[in-house]
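Asks: Pasting a structure here, questions to come.
Protein chains: 2
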Amino acid sequence: MNRETFRVTFQPDGRNVFILEGTNLVEAAGQAGIVLNQPCGGQGTCGKCRVQVTEGAPRPSPSARNLLAGEEIEEGIRLACQISVDRDMKVWVPDESRFFEQVILTEGAGHGYTFDPPLHKRCVNVSAPTVEDQRSYVDRLKDALTDDSGTVDLEMDLPLIRCIPSLAGDGDYTATAVLKDGRIHWVEEGDTTDKVAGVAIDIGTTTVVAAMVDLVSGRNEAVASRTNPQVSLGDDVVSRIKYANEHPEGLEKLRKRLITCVNELIEELLARSGFEQRDVYEVVIVGNATMNHIFLGLDPASLGRAPYVSVLRGAVDLSASEVDLALKPYASVHTLPNIAAFVGADTVAVALASGMHRSEDINLAIDIGTNGEVVVGNKDRLIACSCAAGPAFEGARIRHGMRAAEGAISKVVINAENIEVSVIGGGRASGICGSGLIDAVAELLRVGIITPQGRIESSDDAPQAVADAVTEIDGEPAVILVDEHQSKTGEPVVLTQKDVRELQLGKAAIRAGAEVACQHYGIEINEVSKILLAGGLGNFIRRSNALRMGLLPDIPADRIECIGNAAFAGARMALVCSSCRQEAEKISLETEYKELARSAEFQRGFAEYMTFPRSERGEESAG
Amino acid sequence: MNRETFRVTFQPDGRNVFILEGTNLVEAAGQAGIVLNQPCGGQGTCGKCRVQVTEGAPRPSPSARNLLAGEEIEEGIRLACQISVDRDMKVWVPDESRFFEQVILTEGAGHGYTFDPPLHKRCVNVSAPTVEDQRSYVDRLKDALTDDSGTVDLEMDLPLIRCIPSLAGDGDYTATAVLKDGRIHWVEEGDTTDKVAGVAIDIGTTTVVAAMVDLVSGRNEAVASRTNPQVSLGDDVVSRIKYANEHPEGLEKLRKRLITCVNELIEELLARSGFEQRDVYEVVIVGNATMNHIFLGLDPASLGRAPYVSVLRGAVDLSASEVDLALKPYASVHTLPNIAAFVGADTVAVALASGMHRSEDINLAIDIGTNGEVVVGNKDRLIACSCAAGPAFEGARIRHGMRAAEGAISKVVINAENIEVSVIGGGRASGICGSGLIDAVAELLRVGIITPQGRIESSDDAPQAVADAVTEIDGEPAVILVDEHQSKTGEPVVLTQKDVRELQLGKAAIRAGAEVACQHYGIEINEVSKILLAGGLGNFIRRSNALRMGLLPDIPADRIECIGNAAFAGARMALVCSSCRQEAEKISLETEYKELARSAEFQRGFAEYMTFPRSERGEESAG
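Listed in order, the protein sequences are those of chains F and Y. Residue 548 in our numbering is what sits at position 548 of the first sequence, and the numbering runs on without skipping anything. Residue 750 in our numbering is what sits at position 127 of the second sequence, and the numbering runs on without skipping anything.
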């Protein structure tokens, strides 16, 4: 008998998730792309994950009663980590409870960043020339912009200068200037100071995620994601580089596909956010080094052959038109810097967003994607390495795999009788995404349907319905997760033997990479203060299952922090905070890169971690 | 009987002029576009105009004997101001005797500027990447460029980054970078440090002059000039502005004509200098405000209607491709700043080149062109005004007027028997340029063929042959300067009554403007330390004739300095000297503009100075 599914709505984001009964509210928020603070690891002792449940508030937990005032409890304030969802809810999440927003918005204590976008608007009244005041049109505007701020030496480019006479007309006028880096970047008629938008984009090998951010309020106004359309030309970075090398105009074809995808995302974000194309002045791009190179139209050949060198490490500033983005020519694009040929701007962004580069404690960040990256260290030293995890974690190379979008199984729980699934959007399942895949394998491991070697086989220990779900497809064993009557497609959604192998390869690569990085740093992996588990939107990996699979070493669950799509969060930070760009450059320059391709330890570790751990560890199955 | 014509060759410039016997060598150099120092006003007392006469050295003058050592005299060193040319000569002009070169090349004493172009090249060896050194291609190059100079934070634009992989190839390589404003502006294969060229361009209403300058040596490698092809759409700035306003695409038509002309000049300079298109990295443009606006594609409408305001006052930096110059996209263009709607970058350049903005003494600079500009003042205060002189001084609106090019009469002397002319290039005359026109009118005034009111009439005082040259054309009196047998065209070259009127209008406007500027400054015009007489290439106006015409007030000749095309010299200074650009901005910002359009004093002065002075003044006729 399946458990009920409930709808939780998060405000002010306006995002809905449909989750299984008993799901922790922190995890539900993660499914909605909202990462809550959890410095105590979900013990209910720090009070940093407080939210306001405006509809369907459960009884306050003992921890909440301890930490919250009576009026707060009456207003529906609760500790998210103490709530197991057992009804539909509406939840308001304040900025101070959000992991990344808190990083940006909190000042002081040497930890936070100030909200300080790299551009700002200023509205001024400019007087018409007279015979007594013959200053040029451009000087009148510059002087008006200078008067009240002391800014001097404002420069303008020719295309903008050419627009000034028609803007100025013959009389006094009101104009809004976009100021950036001591230059007048653009000028508009009237007062448009309330319209300043930016786009943060994380270009993954498999998934591209983008947010429209209001650069006045700092809020995400819309988030959207798509499959990177390059996947049909190669499903990992090595095959993309190969495609670029071996096909005529290969790089340009890859680049165009990517740009088309990014432009579609921007169009969707504009439609959903209420901003218009002309309101977008700034774009920040993160991605692995291969995506970074392809986005910029840089030949990725040297990334794919020894000695594995990127054309470009550093950040680049350019205009949107230089890379054919469907934005106004005055929109700027900033690409965050890379670290090495296989450790890109996305890893820089993970470090930036996690704050590990400013911490005294030594943390280990693992970014799970088609290319898995690992960073270990603290403010004094960071070491990064890259491990080709394959696209399984993003639902690719998996028989019924799909991106974490509507219809994807995002969670799998095996109870005493049955396989329960949670589907994104709350409807019927049409496939399975990365987090669902990890759940499925971890749960099937737990009940013995998957052996430590990764074989799918019948098990007497499993509930009968689960044992009955084992079947055979194309001569290989498989498990039916959702049968043809319950699925959206009319076909069963299955997990095949090959799917399990793909996941084994991926988790072995990541685990071995993490071990080698720590060895190289001179620390045992289970000595790190925290393991920060990052991954794409919707890939909110449950700690218990990551432990059960052996993706993570045997450390207490409260030292594992799921920080969601940290690369994307880092892109957003660089969009709203100028000094974050300088920190990113520092991370890029100072992080040591450990090459795994020639590492014997990595090869040994990879072989070792292909098998799943024998001893069953971690938390209860529902998390 | 005509005097002989001699050929004087100036080195290292390699320029020839053909001049009348008895012409002063300083004037001959001026005809060749070389302005010699003459702080003593040609008295032979300062020794600053020393040159080496390598062929045809005359006997040393008493002044030369006083000021020069015996060995110097033996080597042919002479004082140019003391030489009347009486044979063919070859003359080497050292930098220290050149007015503008000396300004640039002399350091110290708070006067000179250092030769310091805004860009420089650096050649480096860049090592191939290895597994031990996986720095990106771009970082390897940046690091190589940083090592030996301490330069940091070098940025590169995307189009250049895209070129780096093919430049780097697979091995070590040698590259030359063009560094500018803390950026890597361009990178080339191999060592090209000896190839750095720039172009200085003075866009006049009637004449466009350009020089190709070697930015390693600082030398002019070639100079060329053309008629501004906009003249057929209007022969002064007011008619050009009108054309832009009243014709569809008028501005773009004007702009395209100008750009075509500039591109032809660049092509000619490349052919003559031995540089190639790829060697040109920098262009400096000066011109009056209307030319500046049209060059930049800025609507000049506001320049032409009250309250007479420019779109742009300041300097602009742009790429050559933005304004369609036939140069590589990496070539930069710098336009010097304007002062006001009718006092443009050319006037800023005149002040800059003359050094009047750094002087304790109060000087008066008069730039004679289609638009005449006047600047008076010193380091503490400068006042500028503009007077529409009309194009007569550049040979336009004159029956047989032409640009100062081959075939133009550039000098006219009336001796006891005859009218003698000097023709640019030494061949037969086909017309008359501005300096020839001034000479002709001044000389005819002297012999009474032109009356103080400007009427051409027979005179008993004139030599018979000159009196016989008075004729009638289209019912108006005229003077035949070169008859049909001596001319290149088979038609006589004449000066008409209307030509005299045009010159009267022009000189009256300039003189009145100069008077009003001085009044406004609070100084009598004849109290200024020096009058600096500037004008287009070849318009080397003789002081005696400028005085005789009443273009200049009655001051001693040694306080009049002919500084040639100072606007062009200023453009060249801004090309080879970064700090000159800052000084130009300072001049642009701080010079006060006195509007003449509404000035009653100007109207009174204009009427008064229409007539020529009655009393004959100045030097001997041959100069």
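All C-beta atoms, glycine included, are put in the ideal place defined by N, C-alpha and C. It should be emphasised that the depicted structure is a prediction, and the values quoted were computed from it without experimental measurement.
How would you list, in chain order, the residues of chain Y whose beta-carbon sits under 7 Å from the beta-carbon of F/Arg-162?
Replies: Residues of chain Y passing the Cβ test: Gly-920 and Leu-921.
Asks: Which complete beta strand (DSSP E) runs does the segment 60–110 of chain F hold, if anything under 3 residues is left out?
Replies: Counting whole runs of 3 or more residues, the segment 60–110 of chain F contains the beta strand (DSSP E) stretches 77–79 and 89–92.
Asks: Looking at chain Y, which residues of the segment 528–548 of chain F have a Cβ within less than 7 Å of any of its Cβ atoms?
Replies: Per Cβ criterion, the list is empty.
Asks: Suppose the cutoff is 7 Å on Cβ atoms and the five residues either side in sequence are ignored; what does the same chain contact list for F/Val-309 look like?
Replies: Only Ser-302 and Ala-341 meet the Cβ criterion.
Asks: Residues bridged to F/Glu-420 by DSSP?
Replies: Beta-bridge pairing links F/Glu-420 to F/Val-413.
Asks: Chain F partners of Y/Glu-1214, CB-CB under 7 Å?
Replies: For the record, residue 1214 of chain Y in the displayed sequence is Thr; it is not Glu. Simply none; closest approach about 13 Å.
Asks: Specify, as a first and last residue, the run of the alpha helix (DSSP H) that F/Ile-525 falls within.
Replies: Where F/Ile-525 is concerned, there is no enclosing alpha helix (DSSP H), given that its DSSP letter is neither H nor E.
Asks: Should the segment 279–289 of chain F be called in touch with the segment 189–202 of chain F, which here means at least 3 C-beta pairs below 8 Å?
Replies: Yes, the segment 279–289 of chain F is in contact with the segment 189–202 of chain F.
Asks: What does a CB cutoff of less than 8 Å around F/Ala-414 pick up in its chain, not counting 5 residues either side in sequence?
Replies: One point to set straight first is that residue 414 of chain F is Ile, not Ala, in the sequence displayed. Cβ within range, chain order: Glu-420, Glu-443, Leu-444, Arg-446, Val-447, Ala-462, Pro-463, Val-466 and Ser-621.
Asks: Mind pulling the chain Y residues with CB within less than 8 Å of F/Arg-403?
Replies: Those within 8 Å of F/Arg-403 in chain Y number zero; the least Cβ separation is about 30 Å.
Asks: Mind pulling the chain Y residues with CB within less than 9 Å of F/Tyr-281?
Replies: The contacting residues do not exist; F/Tyr-281 stays about 18 Å from chain Y at best.
Asks: Return the bridge partner residues of F/Tyr-173 from the DSSP annotation.
Replies: Answer is F/Val-126.
Asks: Do Y/Val-939 and Y/Thr-958 have their C-beta atoms within less than 7 Å of each other?
Replies: Closer than 7 Å, so yes.
Asks: Is there a Cβ of chain F sitting closer than 7 Å to that of Y/Leu-935, yes or no?
Replies: By this cut-off, Y/Leu-935 is an interface position.
Asks: Report the three-state DSSP secondary structure of F/Met-610 (helix, strand or coil).
Replies: F/Met-610: coil per DSSP, three-state reduction.
Asks: Give me the subset of the segment 982–1004 of chain Y whose CB atoms are less than 9 Å from a CB atom of chain F, sorted by chain position.
Replies: Flagged: no residues at all.
Asks: Relative to the alpha-carbon of F/Leu-437, which residue among F/Val-343, F/Ser-588 and F/Ala-404 has its alpha-carbon at the smallest distance?
Replies: The shortest C-alpha separation from F/Leu-437 is found at F/Ala-404.
Asks: Measuring only between beta-carbons, confirm whether Y/Thr-1234 sits less than 7 Å from chain F.
Replies: Taking Cβ atoms only, chain F never reaches closer than 7 Å to Y/Thr-1234, which makes this a no.
Asks: Among the candidates Y/Lys-803, Y/Thr-646 and Y/Gly-665, whose CA atom is the shortest distance from the CA of Y/Ala-1180?
Replies: Nearest option by C-alpha distance: Y/Gly-665.
Asks: Taking 7 Å as the CB-CB limit, is Y/Pro-1179 close to chain F?
Replies: Not closer than 7 Å to any Cβ of chain F, the Cβ of Y/Pro-1179 fails to qualify, so no.
Asks: Can you find the residues in the same chain that come closer than 6 Å, C-beta to C-beta, to F/Gln-497, ignoring five residues on each side of it along the sequence?
Replies: Same-chain partners within the cutoff: Ile-456, Glu-476 and Pro-477.
Asks: Please name the residue, chosen from Y/Pro-635, Y/Gly-637 and Y/Gly-667, that lies closest to Y/Asn-647 on a Cα-to-Cα basis.
Replies: Out of Y/Pro-635, Y/Gly-637 and Y/Gly-667, Y/Gly-667 has the C-alpha closest to the C-alpha of Y/Asn-647.
Asks: Under three-state DSSP, which class holds F/Glu-132?
Replies: Reduced to three states, the DSSP call for F/Glu-132 is coil.
Asks: Are the CB atoms of Y/Pro-960 and Y/Glu-1206 nearer to each other than 7 Å?
Replies: No, the Cβ-Cβ distance between Y/Pro-960 and Y/Glu-1206 is not below 7 Å.
Asks: CA-CA distance, Y/Val-907 and Y/Ile-706?
Replies: If I take the Cα positions, the gap works out to 36 Å.
Asks: So Y/Leu-888 is in the alpha helix (DSSP H); what residue range does that whole segment cover?
Replies: Element bounds for Y/Leu-888: 873–896.
Asks: Are the CB atoms of F/Tyr-593 and F/Arg-511 within a distance shorter than 7 Å?
Replies: No, these two residues do not count as a Cβ contact at 7 Å.
Asks: Whose CA, out of Y/Ala-1169, Y/Gly-1013, Y/Ile-991 and Y/Val-997, lies closest to the CA of Y/Gly-1158?
Replies: Y/Gly-1158 has its Cα closest to that of Y/Ile-991, out of Y/Ala-1169, Y/Gly-1013, Y/Ile-991 and Y/Val-997.
Asks: Can you list, in chain order, the residues of its chain with a C-beta nearer than 7 Å to that of F/Gln-453? Leave out the 5 residues immediately preceding and following it.
Replies: Answer for F/Gln-453: Thr-611, listed in chain order.
Asks: Considering Cα atoms alone, identify which of F/Met-291, F/Leu-158, F/Ala-128 and F/Ala-440 is closest to F/Ala-144.
Replies: Ranking F/Met-291, F/Leu-158, F/Ala-128 and F/Ala-440 by Cα distance to F/Ala-144 puts F/Ala-128 first.
Asks: Below 7 Å on C-beta distance, what does F/Val-131 contact in chain Y?
Replies: Within chain Y, the residues near F/Val-131 are Ala-929 and Pro-930.
Asks: Tell me Y/Ile-824's beta-bridge partners as DSSP assigns them.
Replies: The partner list for Y/Ile-824 (beta bridge, DSSP) reads Y/Ala-833 and Y/Ile-908.
Asks: Closer than 7 Å, CB to CB, is Y/Tyr-866 near chain F or not?
Replies: No - not a single Cβ of chain F is within 7 Å of the one on Y/Tyr-866.
Asks: Compare the C-beta of Y/Asp-762 against all C-beta atoms of chain F and say whether one is closer than 7 Å.
Replies: Taking Cβ atoms only, chain F reaches closer than 7 Å to Y/Asp-762, which makes this a yes.
Asks: Based on Cα-Cα distance, which residue from F/Val-208, F/Met-212, F/Gly-171 and F/Met-156 lies nearest to F/Val-187?
Replies: Considering only alpha carbons, the answer is F/Met-156.
Asks: Quick check on DSSP: helix, strand or coil for F/Arg-7?
Replies: Of the three classes helix, strand and coil, the one that applies to F/Arg-7 here is strand, per DSSP.
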